[in-house]
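Asks: Provided herewith is a single structure, encoded as structure tokens, for subsequent inquiry.
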Amino acid sequence: MKNFWQNVIDSLKGVERDYTHVPLKSAIVFLAVPMVLEMLMESLFAVVDIYFVSELGDQAVATVGLTESVLTIVYSLGFGISMAATAIVARRIGEKKTEKANKAAAQTMLLGLFVSIIISFVGIVFPAEILELMKAKPETIKNGVSFTRWMIGGNFVILFLFLLNGIFRGAGNAVLALRVLIISNGINIILDPILIHKYGLVGAAYATNIGRATAVATQFYFLFKGSGILKLASYHFKPKLDLIWNIVKVSAGGFGQFVVASASWIFLMRIMSGFGDSSVAGYTFAIRVFVFTILPAWGLANAAATLVGQNLGAKNTDRAEEAVWITARYAAIFLGIVSIFYFAFAPQIIGVFAESSESLKHGIRCMRFLSVSYIFFAYGMVVAQAFNGAGDTKTPTILNFFAFWIIQIPLAYLLTEFLNMNQDGVYIAILTSETLLAIVAIYIFKMGNWKKTEV
0 MKNFWQNVID SLKGVERDYT HVPLKSAIVF LAVPMVLEML MESLFAVVDI YFVSELGDQA
60 VATVGLTESV LTIVYSLGFG ISMAATAIVA RRIGEKKTEK ANKAAAQTML LGLFVSIIIS
120 FVGIVFPAEI LELMKAKPET IKNGVSFTRW MIGGNFVILF LFLLNGIFRG AGNAVLALRV
180 LIISNGINII LDPILIHKYG LVGAAYATNI GRATAVATQF YFLFKGSGIL KLASYHFKPK
240 LDLIWNIVKV SAGGFGQFVV ASASWIFLMR IMSGFGDSSV AGYTFAIRVF VFTILPAWGL
300 ANAAATLVGQ NLGAKNTDRA EEAVWITARY AAIFLGIVSI FYFAFAPQII GVFAESSESL
360 KHGIRCMRFL SVSYIFFAYG MVVAQAFNGA GDTKTPTILN FFAFWIIQIP LAYLLTEFLN
420 MNQDGVYIAI LTSETLLAIV AIYIFKMGNW KKTEV
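What follows is the structure, encoded as structure tokens:
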């Protein structure tokens, strides 16, 4: 225990380690502690944000839910590019090629800038059309158009927050990613009640953009002026088309796997919107609480990705595989305990947010269905991130397509439209698809082809 707490302290201090030689359990602690806290800060933001928005009523919550279901496309792009950054930077660091890691980081940022400009144009010019596409009611569109414009139009700060933290994680500097999220979410939590009270729903968008923009500015400072492994200079940003194309290829798989998953969430939200604002609000509450614990577990998965990338770079394939199984076991224990708690106390938890008895009822039911599949979520996340850390982003993309488009969406449509199971049909479809995804992912991972991936 003494060694464990010393490892925790060292990880939070940002003490640099060679993750290709440190004992694996210590390496997991060094990486996972700041990554778990980083994801916890992100999930805390999601819960606090929806808490303050919920005071404006179910219609405001529905607007946030519909907008964020579209924003998952932005998150998908951010995750996809950040995965490429993590995989390539981690591999170069494992090979002891720091200058190549710097170049990869800079070229990744150029790609991210190009993508964010395109999304901003769509969000600024077509916010009402986006909400209409999501089957929002006319009153919801009227009251939510400014929120949607600011959130999607300001996607740069969302995308770059993910992207730059992916770069830091690839370099093994997970504590810096944690620090910038503390800044981002701390500012957001302070500004949320103030700006929502003054400006209404759009105030939540203002608070989010201000907090995340401050965090991104901090990330830029440490990349250019900091004393970490990575240190960027202007010449690193001279476009290298061959390197950018390599990043695009790796990103495409990362983006593909998340956009497949995100598009399925959009489809599910469209189904839920057909049951009214209270159903959407209850579903949104449950998903936010769900994210509150899934994201910390995702921090463990990110630790596995970094360990896989760096150890493959150092030609330690057995060590890379062992890191995945240890990390997956930790994640399963954590989410298994959480699932019991969530199932038992769903009424009390959702009751903190719900303003109406209808949204409370739907939120409780959704939360209990989701909690049943938590252990499968744990293994599925860690194994998928292990593929990504190796640079094999194609396999998780195929797995996600199978789980979400072959299983989840058709099943949700069948259960809700033809078997009249209403909202329960959506919840059962989520549980079924995530369980199958984890089982198939574990089987393919054991085959070991990911060890041969070159990036």
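Sequential numbering of the sequence shown, starting at 0, is according to numbering that gives the first Met the number 0.
The C-beta atom is built at its ideal place from N, Cα and C for all residues, glycine as well.
1) Taking Leu436 as part of the alpha helix (DSSP H), name the residues at either end of that continuous run.
2) Can you tell me whether Asp57 is helix, strand or coil according to DSSP?
3) Pick helix, strand or coil for Pro22, following the three-state DSSP scheme.
4) Return helix, strand or coil for Met133, following the three-state DSSP convention.
5) Between which two residues does the alpha helix (DSSP H) carrying Tyr198 extend?
6) Helix, strand or coil for Ala377 per DSSP?
7) Quick check: the Cα distance between Arg178 and Glu37, rounded to an integer number of angstroms?
8) Apply the 10 Å Cβ neighbour rule to Asn426 and answer buried if 16 or more other Cβ atoms are within range, or exposed otherwise.
9) Does the count of Cβ pairs from the region 190-197 and the region 124-141 closer than 8 Å reach three?
10) Please name the residue in Phe266, Ala327, Thr97 and Lys450 whose C-alpha comes closest to that of Leu410.
11) Compute the beta-carbon to beta-carbon distance between Gly252 and Thr107, rounded to the nearest angstrom, for a pair I have assumed lies under 8 Å.
12) Which of helix, strand or coil does DSSP assign to Val382?
13) What residues in its chain sit with their C-beta under 7 Å from that of Ala303, if we drop five residues either side in the sequence?
14) With respect to the alpha helix (DSSP H) encompassing Gln407, which residues constitute its N-terminal and C-terminal limits?
15) Leaving out five residues before and five after Glu357 in sequence, what residues of the same chain have Cβ atoms less than 6 Å from its Cβ?
16) Less than 8 Å between the beta carbons of Ile181 and Met34, yes or no?
17) Where does Glu68 fall in DSSP's three states?
18) Which whole-angstrom value describes the C-beta separation of Ala260 and Asn399, a residue pair presumed to lie in contact below a C-beta threshold of 8 Å?
19) Which complete alpha helix (DSSP H) runs does the region 222-287 hold, if anything under 4 residues is left out?
20) Roughly how many whole angstroms lie between the Cα atoms of Pro238 and Ile443?
21) Use the C-beta contact count for Ala61: other C-beta atoms within 10 angstroms, 16 or more gives buried, fewer gives exposed.
22) With a cut-off of 8 Å, do at least 3 Cβ pairs link the region 357-376 to the region 336-344?
23) Let me check understanding here. Comparing Cα to Cα, which of Lys24, Trp404, Lys96 and Asp48 lies closest to Phe257?
24) Note down, in chain order, each residue of its chain lying with its Cβ closer than 8 Å to the Cβ of Thr431, except the 5 sequence neighbours on either side.
25) If you follow the alpha helix (DSSP H) that Ala322 is in, where does it begin and where does it stop?
26) In angstroms, rounded to a whole number, what distance separates the CA positions of Ser53 and Ala203?
27) Please name the residue, chosen from Asp423, Ala377, Tyr282 and Pro395, that lies closest to Ser68 on a Cα-to-Cα basis.
28) Just the C-alpha distance for Glu433 and Tyr234, rounded to the nearest angstrom, thanks.
29) Which residue from Arg91, Tyr74, Ile27 and Leu294 puts its Cα closest to that of Ala377?
30) Excluding sequence positions up to five away, which residues of its chain have a Cβ less than 6 Å from the Cβ of Phe236?
31) Between Leu306 and Tyr329, which are expected to be in contact by the criterion C-beta below 8 Å, what is the C-beta distance as a whole number of angstroms?
32) Following the continuous alpha helix (DSSP H) through Glu357, name the residue where it begins and the one where it ends.
33) Would you kindly report the start and end of the unbroken alpha helix (DSSP H) that includes Ala104?
Replies: Inspection of the coordinates gives the following:
1) Gln422 to Met446 is the extent of the alpha helix (DSSP H) around Leu436.
2) Of the three classes helix, strand and coil, the one that applies to Asp57 here is helix, per DSSP.
3) Reduced to three states, the DSSP call for Pro22 is coil.
4) Three-state DSSP puts Met133 in coil, outside helix and strand.
5) Annotation: the continuous alpha helix (DSSP H) that includes Tyr198 extends over Ala173 to Tyr198.
6) It is helical.
7) Here the alpha carbons of Glu37 and Arg178 stand approximately 8 Å from one another.
8) Looking at the sequence itself, residue 426 is Tyr, so the reference to Asn does not match. Counting Cβ neighbours within 10 Å, Tyr426 comes out buried, since at least 16 surround it.
9) The region 190-197, when compared against the region 124-141, does not touch it at the 8 Å Cβ threshold.
10) Measuring from the Cα of Leu410, the nearest candidate turns out to be Phe266.
11) Contact flag wrong, Cβ pair sits at about 15 Å.
12) Val382 falls in the helix class under three-state DSSP.
13) Excluding its 5 nearest sequence neighbours in each direction, Ala303 has C-beta neighbours in its own chain below 7 Å: Ala322, Val323, Thr326, Val381, Gln384, Ala385 and Gly388, listed in chain order.
14) In this chain, Gln407 is not harboured by any alpha helix (DSSP H), its DSSP state being neither H nor E.
15) Taken in chain order, the residues that qualify are Ser277.
16) Against a cut-off of 8 Å, the Cβ pair of Met34 and Ile181 comes out as no contact.
17) The sequence shown places Ser at residue 68, not Glu. Residue state, collapsed to three classes: helix.
18) The pair is a contact, with the Cβ atoms about 5 Å apart (cut-off 8 Å).
19) For the region 222-287, the continuous alpha helix (DSSP H) assignments of 4+ residues that do not extend past its boundaries occur at 240-272, in sequence order.
20) Answer to the nearest angstrom: the Cα atoms are 37 Å apart.
21) Residue environment for Ala61: buried (at least 16 other C-beta atoms within 10 angstroms of its C-beta).
22) At 8 Å Cβ cutoff, the stretches touch.
23) Looking at the Cα atoms, Trp404 is the closest of the given residues.
24) Within the same chain, Thr431 has close Cβ partners Ile406, Gln407 and Leu410.
25) Thr316 to Gly350 is the span of the alpha helix (DSSP H), which, as asked, contains Ala322.
26) Taken atom to atom, the span from the alpha-carbon of Ser53 to that of Ala203 is near 11 Å.
27) Selected option, being the one with the closest Cα: Tyr282.
28) Each residue's alpha carbon lies about 44 Å from the other.
29) Minimum Cα distance to Ala377 is reached at Leu294.
30) Ala105.
31) The beta-carbon distance between Leu306 and Tyr329, rounded to whole angstroms, is 13 Å. This is too long to meet the 8 Å contact definition.
32) Looking at the DSSP string, the run of the alpha helix (DSSP H) that includes Glu357 is Ser356 to Val371.
33) Here the alpha helix (DSSP H) through Ala104 covers Thr97 to Val124.
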